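Trainee: Below is the structure I would like to discuss, written out as structure tokens.
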Amino acid sequence: MSIFNDDKELEKLHKEDMECHEKLSFALENDNVISYFQPISAIQNAFLETKYESLVRIRDKDGSIIAPFRFLDVAKQNRIYYKITKAVIKNTFEAISKYDIHCSINISMEDIENDRTLEMLYSKFDEFEHNHNLTIELLETEEFNDYKRVYDFCVKVRSYGIKIALDDFGSGYSNFSHVLNLPIDYIKIDSSLISNIDRDINSQLMVSTIVGLAHKLKIHTIAEFVSSKEILDVVKSLNVDFAQGYYIGKPQEIKKHIPYLID
């Protein structure tokens, strides 16, 4: 009976993956890989402009929006992940050029280890006139298998005037040596340390330590998953520089964040 149930479950997962691949292929073919943008607000210096993180979504045939956890793994399995990265670059560059805003995009080890993706990225950076308004977020939840490749990527990217952020710091693979050895400009403190920081003294101590080290190294800090005023008040009191989360603003089309700008 157990084997029968396992087979049924595998069949169900396979069917879901096939359907997801079909939706993803349709989105790629019809320019329906889109970006939602989530604000990252300065909380210590009111004169600093709000930044935005570009977050990938796909628009289905019926107009519904599909979140990335539904399709990114399928994209990797079918070796079309680089097409997602290329679409996000296009969306983000268009937003930066049109609205003169600072945006960040996520780059994974999958991207860094793919020569085709790197060639595409460097070609786009060569042509782009607003690299100073761009930040690359390295996903720190992924293990850096080839440290030299990551380091070389960071050095190359910063040569364009692009900034580097270490994302999800404080999660499973976190290593303070990354902060000491990689040329980075921002640390994004993981939600696991922020989500209950208003009630957890240990999280407060850890974030205080991260912020203290970062500031000594001239690195700015960003608190992720700021979902309430109570959390915002705590991270602000701990001298975190920026905040991101649903209390600050939800991911949505860039026009909804800055409607006062002429389309």
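Numbering follows the working numbering, with no gaps: position 64 of the sequence shown is 54.
No residue lacks a Cβ here, since even glycine has one placed at the ideal position from N, Cα and C.
Predicted, not measured: the structure shown is a model, and the values here were computed from it.
(1) Give me the Cβ distance between residue 50 and residue 13, rounded to the nearest whole Å; I'm assuming they're in contact under 8 Å.
(2) Given that a residue counts as buried once 16 or more other Cβ atoms are within 10 Å of its Cβ, and exposed if not, what is residue 34?
(3) Suppose the cutoff is 6 Å on Cβ atoms and the five residues either side in sequence are ignored; what does the same chain contact list for residue 125 look like?
(4) Which partner residues of residue 129 appear in the DSSP bridge assignment?
(5) Roughly how many angstroms separate the alpha carbons of residue 39 and residue 77, rounded to a whole number?
(6) Measuring CA to CA, which of 58, 57, 161, 97 is closest to residue 193?
(7) What do you get for residue 36, buried or exposed, if any count of 16 or more other CB atoms within 10 angstroms of its CB means buried?
(8) Return the first residue and the last residue of the beta strand (DSSP E) that residue 45 is part of.
(9) In whole angstroms, what separates the C-alpha of residue 176 from that of residue 67?
(10) Could you compute how far the alpha carbon of residue 24 sits from the alpha carbon of residue 113?
(11) Our contact map puts residue 244 next to residue 27 with C-beta atoms below 8 Å; I'd like the distance itself, whole angstroms only.
Mentor: A quick look at the data gives this:
(1) That pair is a contact at about 6 Å.
(2) Exposed, because fewer than 16 other Cβ atoms sit within 10 Å of the Cβ of residue 34.
(3) If we look at residue 125 and ignore the five residues flanking it on each side, its Cβ neighbours are 94, 153, 155.
(4) DSSP, once it has assigned bridges, lists 157 as partnering residue 129.
(5) C-alpha separation (whole angstroms): 25 Å.
(6) Nearest C-alpha to residue 193: 161.
(7) Under this definition residue 36 is an exposed residue.
(8) Under the DSSP assignment, residue 45 falls in the beta strand (DSSP E) whose first and last residues are 41 to 49.
(9) Computed Cα separation, rounded: 31 Å.
(10) Distance between the alpha carbons of residue 24 and residue 113: 21 Å.
(11) Indeed they touch by this definition, with Cβ atoms about 5 Å apart.
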